[in-house]
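Since the structure comes first, as structure tokens, the remarks are kept for the end.
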Amino acid sequence: MANEKTLAIIKPDALEKGIIGEICKRIEEGGMKIVGMKMLQMTPKKAEGFYAVHQSKPFFAGLVKFMSSGPTVVMCLEGENAIKRWRDMMGATDPEKAAEGTIRKDFGSSIERNVTHGSDASDTAKLEIVYFFESGELVNYEWI
Ligand code: GDP
1 MANEKTLAII KPDALEKGII GEICKRIEEG GMKIVGMKML QMTPKKAEGF
51 YAVHQSKPFF AGLVKFMSSG PTVVMCLEGE NAIKRWRDMM GATDPEKAAE
101 GTIRKDFGSS IERNVTHGSD ASDTAKLEIV YFFESGELVN YEWI
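Numbering (our numbering), first residue to last: 1 to 144.
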């Protein structure tokens with residue numbers, strides 16, 4: 001297994017629900033390290049850039065509106081197999097389809113308001129981490 005970094009976002013719906021601590025607890029108890037962390041509210045432009053891959057989807061405008069509607073917590077996580085482990089911990093995109101005990105199952109309200117984001121592969125993880133973090137803002141940044 002490779003030591004990996006991944007980008008995690010605690011989305012605005014989770015901040016409204018007051019579950020930052022619960023999510024961070026699951027990450028740390030799951031054996032991953034938080035090596036970068038900040039709270040920010042994305043501008044619509046920043047959210048559009050982040051989700052550019054979904055530009056042609058019917059849900060794009062709503063997604064950008066939601067993601068820029070309030071503060072988020074963006075984190076860089078590190079650990080063995082961190083990309084898959086964080087996605088497994090989050091569960092399926094649609095909370096109704098997510099497995100029992102996953103974050104999205106436990107706290108998600110809809111396919112859009114699904115509490116967290118996680119990178120899906122190592123190339124996208126690198127791009128997403130540098131989209132939010134400068135090298136000096138990460139504890140361990142050898143490849144940034
Ligand atoms: P993820 O990697 O599991 O976050 O899923 P995707 O990359 O496919 O989608 C990005 C985000 O867009 C999701 O986390 C949802 O917030 C939102 N999204 C995805 N599919 C849909 C959809 O069919 N309808 C709506 N309203 N939002 C969606």
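We put the CB at the ideal spot given by N, CA and C, even for glycine.
Short of 6 angstroms in beta carbon distance, which residues of its chain neighbour M39, apart from the five on each side in sequence? Order them along the chain. P71 and V73
Give every residue of the same chain whose Cβ lies closer than 7 angstroms to the Cβ of T6, excluding the five residues on either side of it in the sequence, and list them in chain order. L77, A82, I83, W86, G118, S119 and A125
Is T93 near the ligand GDP, judged by its Cβ being under 7 angstroms from some heavy atom? yes
Looking at the ligand GDP, does it come within less than 7 angstroms of I111, judged from the CB to the closest heavy atom? yes
Validate contact between the segment 90-100 and the segment 45-57 using beta carbons, cut 8 angstroms, 3 pairs: no
For the segment 106-117 and the segment 12-21, state whether three or more C-beta atom pairs, one from each stretch, are separated by less than 8 angstroms. yes
Would you check whether the ligand NAD has a heavy atom nearer than 7 angstroms to the C-beta of N81? No copy of the ligand NAD occurs in the structure displayed; its ligands are the ligand GDP alone.
Could you check where the alpha helix (DSSP H) with K97 kicks off and where it finishes? First-last for K97: undefined, no H or E at that position.
Start-to-end residues for the beta strand (DSSP E) that takes in E78: T72 to E80
Top-ranked residue by Cα proximity to V35, from L63, E4, G101 and Y51: E4
Give me the Cα-Cα distance between E137 and K105, rounded to the nearest whole angstrom. 31 angstroms
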